[in-house]
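In our numbering, the protein residues as written are 161 to 349.
Glycine residues also receive a C-beta, built at the ideal position from the N, C-alpha and C atoms.
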């Protein structure tokens, strides 16, 4: 909470949609296809910029067999708590409905729109994700399903599709970056 006028003058602020943003506080949303590099980029940004990191996979699903999506309101409460509890953060995931809940609090977005073949290569080379799978073997058993999912990105409908991601990117009014290659450098300023 701001207590004096000097607090406002000592920082770089901007007003958007009736909300006052502290530009010193980075609040980044990263999204794209499975295997596009969202988690890798988020981890790198979190480490180099001392940002809290939230992977939307951790709150989007009910851990069951087979997994199912959590109620949007429940996931939204977790997102709200995260953005309120952390001054600077990076949130990554492919769930446009969840990204939309975090969007009013964000200062920038990064859309990883890398080629499907690169996403598949990344998925094949993905290290074990212990927060998602009990073992590397369990993760590898889902690889062919994941590759099919990656291939369908530009043709499927819904909140996990390229159309939803592209619309979110196009409609975002603050700082945004489109990354179209894993070799492309992020403008990290």
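- Here DSSP, grouped into helix, strand and coil, assigns residue 325 to helix.
- Assignment of residue 320 by DSSP, reduced to helix, strand and coil, places it in the coil class.
- Between the segment 323-343 and the segment 250-258, the count of Cβ pairs shorter than 8 Å is three or higher; the stretches touch.
- Per DSSP, reduced to three states, the secondary structure at residue 212 is strand.
- Under the three-state reduction of DSSP, residue 197 is assigned to coil, being neither helix nor strand.
- Between the segment 194-210 and the segment 303-310, the count of Cβ pairs shorter than 8 Å is three or higher; the stretches touch.
- For residue 253, there is no enclosing alpha helix (DSSP H), as DSSP gives it neither H nor E.
- For residue 306, the closest of 291, 319, 264, 282 by C-alpha to C-alpha distance is 282.
- Under the three-state reduction of DSSP, residue 306 is assigned to helix.
- Under the three-state reduction of DSSP output, residue 261 falls in the helix class.
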